[in-house]
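**Student:**
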Amino acid sequence: MVHLTRLFVISRMFFMGFLISGAAVAQTSPIAPVSPTSSMIVAAPDDIVGQAIQAELAPLATAFPPLLTSPRHQRVDVSRVVMDFYTHRGYRAAWTRDSDVAQLLQSLSDTQADGLDPADFRITELAGAQTQMQSMLPTAAQRAAFDIAATRTFITALLQLRRGKVDPARLDMHWNFNPVGVDPREDVNNFFAALDSHDVARAFTQAPPQEAVYVSLRMGLAQLRNVRDMGGWPKIAEGQSLKPGMDGAAVAQLRARLAAGGYLAPQRTPRTDYDAAVTAAVKKYQAEQYLGADGVAGAATLAALNVPVEARIDQVRVNMERARWLLYKLQGTFVIVDIAGYKVALYRDGKAIWRSRVQVGKPFRSTPVFQAEITYVTFNPTWTVPPTILVEDMLPKIRSNPGYLAANRIRVLDREGNVLDAASVDWDNPRGLTLRQDAGPENSLGQVVIRFPNDYAIYLHDTPHRELFAKPFRATSSGCIRVENPLQLVELLFNDPVRWNSAGIQARLANGKTENIRLPVKVPVLLAYWTVDLSNDGRVMFKPDIYGYDTAVLRGLNRPLQLPVLDWQRAGSPAVVAGQNQQ
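Put into structure tokens, the structure is as follows:
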């Protein structure tokens, strides 16, 4: 199975922005840092439309909003882009050719293929205004209003395709996937280069991620919409598990659903038996949907099969939006934790050289989404019990079992670090105490911890709870990431086959001493969250949304965009208001 994690990184490490050559940028109207003195630029005396454009933009020039409204994620103020665009071109109209407008209208309609909503872009208003301009002699103010509206819509749609409609920093106040080295001005300049060369469609073609994984998601979205338009997937009666050897109407429904999803060859004559082919198809479906692959269509499998196609369409749209967020590139060696997929991978030069299963945080103690750098490894770690775990998990066990601490080699320390007798502590009202578990194979962190300083006290570590790796649902930790084969990862992180080979690591563990050893080179680590994957043949597979993060993204995608109305009858009134929408 070619996992989405691998495709994400090989083609674009979390979707690096596609860049047009610098030569093309230099030939167009530049969007560059400007100052209020740019207001001294005026339209040509004989350009009455340009003068009307300048008049409509006058309130914006006075407000002078910042270009970047969200520096953490490089979100762009569209109104400022519009102002800069016209200022640098002396307020000349940009949409003077009907062919350019036709390309714009068609491209706006086509944004639905990327999971966006074409209704956001007021296509009907633009098309109606163009028709009126073609059938009458428009005033300079009307032509100006249309030109500004078309430019605003043009840049708004392209920035949604490029960087996403929803600002992730507004969904997660701790979002720190900073697009280092990505300048939104370059994106905007490239868009306007296509406009200046009268190739508007090219701008829309090049704006989204160009990589194979994004293309596959777009194709998967189209296929799901086709299923929807054909009436959706067959419904399977729920209430009892369907098992090999059974025969009946429910099995016939299961067969039809598996065939519709491409898991089972369609039959000319409907069959009702649960044979070996159905069993194999169910196992394949279960494995791809992160369910226990036992070949029995139980409650969880039937529920997944009966998810409406509309919901799966939305799930793909949400993950295409996540693709558009993550626009920077990583090179060399890095680690990716696929939270919802319960796996981790180490990449070197764009190729996954190691993978392992992981356990992640429970839904009520979720593993956060962020990026950091792995800096050191702790061998034979002790474990200091976090306050939340102490209060919610450990105190009830201590109160019910006085021998719990000794059995688990956990010491009680006062504020000065002195060891206390557990029997002397009032466990109904403990104050100023720290619990620390001694190093050893049964330590909650196992034999090794892989550390990357962060605000969440999150790290990768070994675990004595190895039986949980065999379960399909592995959101079982208190937030940190338990790794099935952590010593293999440590060896690869050190990347020193002489000193830090397997034998060297085992020798270090054997001495029983707690040691922190710095890596010779820091290694980036990304804790990411997406709820789709791709099979070897490009079919979209769906993961459970274990933390419910899809809901907020979908809500943002579906929220109507508040673009200024193109009021043809009142043309000449200000059509651009500073900060009305940000991309």
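Per my numbering, residue 4 is the first one in the sequence shown, and the count goes up by one each step.
Backbone N, C-alpha and C define an ideal beta-carbon position, used for all residues, glycine too.
If you're wondering where the values come from, they're calculated on a predicted model, not measured in any experiment.
1. For N539, which option in V528, A215, G235 and A147 has the closest C-alpha, if you only look at C-alpha atoms?
2. If you drop the 5 nearest sequence neighbours on each side, which residues of the same chain put their C-beta closer than 6 Å to that of Q362?
3. Would the beta-carbon of I339 fall within 9 Å of that of A531?
4. Using three-state DSSP, classify I377 as helix, strand or coil.
5. Using CA coordinates, which residue listed in L60, T99 and V104 is at the minimum distance from R83?
6. Hey, quick one: how far does the alpha helix (DSSP H) through M544 stretch, first residue to last?
7. In the DSSP assignment, the alpha helix (DSSP H) including E189 goes from what residue to what residue?
8. Using 8 Å for Cβ pairs, my map puts T336 next to V526. What's the rounded Cβ distance?
9. Note down, one range per segment and in chain order, each alpha helix (DSSP H) of at least 4 residues found wholly within the stretch 75-130.
10. What first and last residue would you give for the beta strand (DSSP E) that runs through V451?
11. Taking the Cβ atom as the reference point for each residue, do V535 and M544 lie within a distance shorter than 9 Å?
12. Three or more beta-carbon pairs under 8 Å between the stretch 199-208 and the stretch 158-175, yes or no?
13. For the stretch 493-502 against the stretch 511-524, are there 3 or more C-beta pairs whose distance is under 8 Å?
14. Who are the near neighbours of C483 in its chain, counting only those whose CB is closer than 7 Å to its CB and skipping five residues on each side?
15. Which one or two residues does DSSP pair with W357 in a beta bridge?
16. With a threshold of 8 Å on Cβ separation, who are the neighbours of A240 within its own chain once the five nearest residues in sequence on each side are excluded?
17. For L129 and M176, what's the separation of their Cα atoms in angstroms?
18. Looking at R502 and E487, is the spacing between their C-beta atoms short of 9 Å?
19. Using 8 Å as the threshold, is the stretch 440-453 in touch with the stretch 367-380, meaning 3 or more CB pairs across them?
20. For D150 and R78, what's the separation of their Cα atoms in angstroms?
21. Quick one: residues in its chain with C-beta nearer than 8 Å to the C-beta of S112, no 5 flanking neighbours on either side, listed in chain order?
22. Do you know offhand how far I549's Cα is from T154's?
23. Quick one, which of A197, G53, T114 and T156 has its alpha-carbon nearest T142's?
24. Closer than 8 Å by C-beta to Q57: which residues in its own chain qualify, once you throw out the five before and the five after it? Chain order, please.
25. Taking the straight line between their C-alpha atoms, what separation do you get for V394 and S359?
26. Give me the Cα-Cα distance between R511 and G443, rounded to the nearest whole angstrom.
27. Please state whether the Cβ-Cβ distance between L566 and F124 is less than 9 Å.
28. Please list the terminal residues of the continuous beta strand (DSSP E) segment that includes V45.
29. Taking contact to mean at least 3 C-beta pairs separated by less than 8 Å, is the stretch 298-306 in contact with the stretch 275-285?
**Tutor:** Let me spell this out:
1. In the sequence shown, residue 539 corresponds to position 536, counting from 1. The residue with the shortest Cα to Cα distance from N539 is A215.
2. If you number the sequence shown from 1, residue 362 lands on position 359. Taken in chain order, the residues that qualify are L471, R477, T479, S480 and R485.
3. Start at 1 with the first residue of the sequence shown, and residue 339 comes out as number 336. Start at 1 with the first residue of the sequence shown, and residue 531 comes out as number 528. Result yes, Cβ atoms of I339 and A531 sit closer than 9 Å.
4. For the purposes of this step, residue 377 is taken as the residue at position 374 of the sequence shown. I377 falls in the strand class under three-state DSSP.
5. Here residue 83 refers to the residue found at position 80 of the sequence shown. The candidate whose alpha carbon is nearest that of R83 is L60.
6. Translated into the one-based positions of the sequence shown, residue 544 becomes position 541. Counting along the chain, M544 falls outside any alpha helix (DSSP H), though it belongs to the beta strand (DSSP E) covering V543 to F545.
7. By 1-based counting over the sequence shown, the position of residue 189 is 186. Under the DSSP assignment, E189 falls in the alpha helix (DSSP H) whose first and last residues are P187 to D199.
8. Residue 336 sits at position 333 when you count from the first residue of the sequence shown. Residue 526 sits at position 523 when you count from the first residue of the sequence shown. Going by Cβ atoms, the distance from T336 to V526 rounds to 5 Å, so yes, they are a contact pair.
9. Counting only runs of 4+ residues, the alpha helix (DSSP H) found wholly inside the stretch 75-130 occupies 81-91 and 101-113, in chain order.
10. Here residue 451 corresponds to residue number 448 of the sequence shown, with the count starting at 1. Note, V451: beta strand (DSSP E), V451 to R454.
11. Reading the sequence shown from its first residue, position 532 is the one you call residue 535. Reading the sequence shown from its first residue, position 541 is the one you call residue 544. In contact: V535 and M544 (Cβ atoms closer than 9 Å).
12. yes
13. Because the criterion of three Cβ pairs below 8 Å is met, the stretch 493-502 and the stretch 511-524 touch.
14. Start at 1 with the first residue of the sequence shown, and residue 483 comes out as number 480. Contacts found: I461, Y462 and H464.
15. The sequence position of residue 357 within the sequence shown is 354, counting from 1. According to DSSP, W357 bridges with L349.
16. The residue labelled residue 240 in the question sits at position 237 within the sequence shown. Result list for A240: A252, A253 and Q256, in chain order.
17. Position 126 of the sequence shown, counting from 1, holds the residue named residue 129. Position 173 of the sequence shown, counting from 1, holds the residue named residue 176. Cα to Cα, L129 sits roughly 36 Å from M176.
18. Numbered from 1 along the sequence shown, position 484 holds the residue referred to as residue 487. Numbered from 1 along the sequence shown, position 499 holds the residue referred to as residue 502. No.
19. yes
20. Your numbering for residue 150 matches position 147 in the sequence shown. Your numbering for residue 78 matches position 75 in the sequence shown. The alpha-carbon atoms of D150 and R78 are separated by roughly 24 Å.
21. Numbered from 1 along the sequence shown, position 109 holds the residue referred to as residue 112. Same-chain partners within the cutoff: P121 and I126.
22. Against the sequence shown, residue 549 aligns to sequence position 546. Against the sequence shown, residue 154 aligns to sequence position 151. If you take the alpha carbons of I549 and T154, they lie about 41 Å apart.
23. Here residue 142 refers to the residue found at position 139 when the sequence shown is read from its first residue. Out of A197, G53, T114 and T156, G53 has the C-alpha closest to the C-alpha of T142.
24. Residue mapping note: residue 57 aligns to position 54 of the sequence shown, counting from 1. Contacts found: V45, A46, Y89 and Y94.
25. Start at 1 with the first residue of the sequence shown, and residue 394 comes out as number 391. Start at 1 with the first residue of the sequence shown, and residue 359 comes out as number 356. For V394 and S359, the distance between alpha carbons rounds to 32 Å.
26. Counted from its first residue, the sequence shown places residue 511 at position 508. Counted from its first residue, the sequence shown places residue 443 at position 440. Each residue's alpha carbon lies about 13 Å from the other.
27. The residue given as residue 566 occupies position 563 in the sequence shown. The residue given as residue 124 occupies position 121 in the sequence shown. Against a cut-off of 9 Å, the Cβ pair of F124 and L566 comes out as a contact.
28. The residue given as residue 45 occupies position 42 in the sequence shown. Taken as a continuous stretch (DSSP letters only), V45 belongs to no beta strand (DSSP E), as it is neither H nor E.
29. yes
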